[in-house]
Each structure stands twice: as structure tokens, then as C-alpha cells.
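Take a look at the structure set out below.
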Amino acid sequence: MNKKLLCVIIVSMVLILGLAKNKNRCLIIAHRGASFDAPENTVAAIKLAWQMKSPASECDIHLSKDNKIMVMHDANTIRTTGVAMMIKDADSADLRKLDAGSFKAEKYKGEKVPYLEEFIETLTPAKKLFVEIKCGPEVLPYLEKVINDSGKRKQIVIIGFNWDVVSQAKKVFADIPVYWLVYSGQDDNKQWIPYSEDLIAKAKADSLDGLNVHYGALTADFVQKAHQAGLKIFVWTVDDRQDVEKMRSFAVDGITTNKPNLYIQNH
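When we follow numbering that gives the first Met the number 0, the leftmost residue of the sequence shown carries the number 0, and every step to the right adds one.
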């Protein structure tokens, strides 16, 4: 066999094997628990995610008036409970009286607005919990206590859109992965606006561990540049199988999805 041809074959095999390895390393993260099938951000949802063999789950947090960390996406409880309360202005005891399950299905009636502690308690040793901070940096000292008291510090990941929050979080949690959530949006022609490499530089300069971006505008080149800078790239929220495979081909480090069971069973 021609030596040049042999070299080409070997290099091609190495690249293919490397890509397969990267795809297999891709972490599947249940978005707000298994939220396609169960009420988002409830204990029922995260338990279902674990039953579906999801290796990780994501949740959203706010700080209540009495400084308890509550799991909910919105600042106001109206969408998922039918009762309007601003979490920052409500005591946790009152928030716990709300029904956070019936909006999804009658069988989930009575699901409470969880404390973050309840979510962390469901973690078995191999599982990860991505905690998205939806409020301001005032939550950080309370979050630090909850994480420290849990004994599961190594299983926690922190994410957030607010730059000041994630930047301060990394200073508090130097040993915990912190990722900056980013959305580029679309232009007037409904075309995705490419992610700027300045995002990589900014995250790197503040010692963040990576970026967590909307998958729509992502390119393989951006992932490669982030990896070269020592950063990880996660994507959200991907529910289509073709999009999942596309993200895997980019060698992203993790994919957040409402349907973890669809993408775990074959990988």
C-alpha cells in the first residue's frame, strides 16, 4: 500500500475515533428536570430525570423574602401555580402552600415549590446538578451555605445569564464549575447572530469555566476556539434529534434538553 495513502487512512481513523470519543463525552442535562413529561422544577421532575438515567439535571433558583432558596424559573409564581406571588417578596412557608404540579397534569396536583436542598438531596454520587441563578448576587452567601451543608459540593455546577452574578459566583465558588449563559438572538432576517470570540476572552479573563449558549448560533469553529482557550461549551435547549446529533458533531461538552430519555437510550 502506498505510504502516503496509508498515512491519510491512519489520520482519518484518528480523527473519526476522536470525534466519537468527544460525542460519547457529551453530558446530557435534563432541563428543569424531565420537564417535557413532569412539571418543571419540581421534585417529581428531577426524580423522573434520574429514572430516565439522565446523568445531570438543571434547575432555576430565586431567593425568598426569608432568605430561602426556592426552585422556580420565573420571578413570579403565576405561570406554574396559578397564584401571583413575587418570590423575593414572599416567605417560603407561603410559597410552599402553592400547587406547582397541577398546571402540567392532575396526577401532579400538590407538588410543592421546592427548596434547593430537596433537589440536592436527590443526587446520587454520579449525578450532577446545574443550578441556574435567576436572581441577583444577594443569593450567593445563602447558596454557599446550602451547598456546603449538603456535602455534595463536587456535584454542583453554577450557571447564569447575569455577568455580575456569575463573575461574583466564581470568586465565591473557586472550586465549582461556573458557566456563563449566553444568547445571541436573531437579526431582522431571522438569521442567527454569530457568537463573538470576545465572549471566550471575557469568560477566560474572569476565570469562568466555560459558556452555556443557545445552540442556534453555534458553530464548530466557535467550540474549537473555546476548547483551545481551555473553556467548555454547553448548549441549551435542544429537543430535536437532528439538532442533538449536530451538537455532538461539534464536540460540545453538554446538551440541555427537555427530553433526556430520547438521547440517553442510544448513547
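We put the CB at the ideal spot given by N, CA and C, even for glycine.
Looking at C-alpha atoms only, which residue of the options is the closest neighbour of residue i?
i	options	result
glycine 159	His213, Asn147 and Gly32	His213
phenylalanine 172	Asp90, Val156, Pro193 and Ile60	Val156
tyrosine 114	Leu94, Thr123 and Ser34	Leu94
lysine 170	Ala204, Gln190 and Val181	Ala204
glutamate 117	Lys106, Asp148 and Glu105	Asp148
isoleucine 119	Glu244, Leu142 and Lys201	Leu142
Verify whether the separation of the beta carbon atoms of residue i and residue j is less than 8 Å.
i	j	result
valine 41	alanine 99	According to the sequence displayed, residue 41 carries threonine and not valine. Result yes, Cβ atoms of threonine 41 and alanine 99 sit closer than 8 Å.
lysine 134	histidine 61	Reading the sequence as shown, one finds cysteine at residue 134 and not lysine. Cβ atoms of cysteine 134 and histidine 61: closer than 8 Å.
isoleucine 199	alanine 168	no
aspartate 36	lysine 64	no
isoleucine 254	isoleucine 27	yes
isoleucine 263	valine 145	no
tyrosine 178	aspartate 208	yes
valine 70	valine 112	yes
histidine 30	tryptophan 162	no
Is it right to say residue i is buried, meaning 16 or more other beta carbons lie within 10 angstroms of its own, or is it exposed?
i	result
asparagine 211	buried
proline 259	buried
threonine 76	buried
valine 251	buried
isoleucine 192	exposed
lysine 103	buried
proline 124	exposed
serine 206	exposed
aspartate 59	buried
alanine 83	exposed
Leaving out five residues on either side along the sequence, give the residues of the same chain with a beta carbon under 7 Å from the beta carbon of residue i.
i	result
phenylalanine 249	Leu217, Ala219 and Val222
lysine 127	Pro54, Ala55, Gln154 and Val156
arginine 240	Leu261
glutamine 185	Trp191 and Ile192
Go through its chain and collect everything with a Cβ distance to residue i's Cβ below 8 Å, but skip five positions before and after it.
i	result
alanine 74	His61, Met85, Ile86, Lys87, Lys133 and Cys134
glycine 338	The first residue shown for the chain is 0 and the last is 266, placing residue 338 beyond what the model contains.
arginine 152	Ile146, Asp174 and Ile175
lysine 108	Asp98, Gly100 and Ser101
alanine 225	Ile199, Gly209, Leu210, Lys231 and Ile232
Within its chain, find whatever has a CB closer than 6 Å to the CB of residue i; leave out the 5 residues flanking it on each side and keep chain order.
i	result
leucine 18	With a pLDDT of only 41 at leucine 18, under the threshold of 50, the placement of this residue in the model should not be trusted; the figure read from the coordinates follows. Excluding residues within five positions, none has a Cβ falling inside 6 Å.
glutamate 110	Pro38, Thr41, Ala43, Ala99 and Gly100
serine 34	Ala44 and Asn257
lysine 20	At lysine 20 the pLDDT is 43, less than 50, meaning the model places this residue with poor confidence; the figure from the coordinates comes in the next sentence. Same-chain partners within the cutoff: there are none.
Legend entry - Unbroken stretches of the beta strand (DSSP E), 3 residues or longer, contained in the segment 89-166: Listed in chain order, the complete beta strand (DSSP E) runs (minimum 3 residues) inside the segment 89-166 are 127-132 and 155-159.
Inset, instruction - Ignoring anything shorter than 3 residues or poking outside the segment 190-235, list the beta strand (DSSP E) runs there in chain order. - result: Restricting attention to beta strand (DSSP E) runs no shorter than 3 residues, the segment 190-235 encloses them at 209-213 and 231-235, ordered along the chain.
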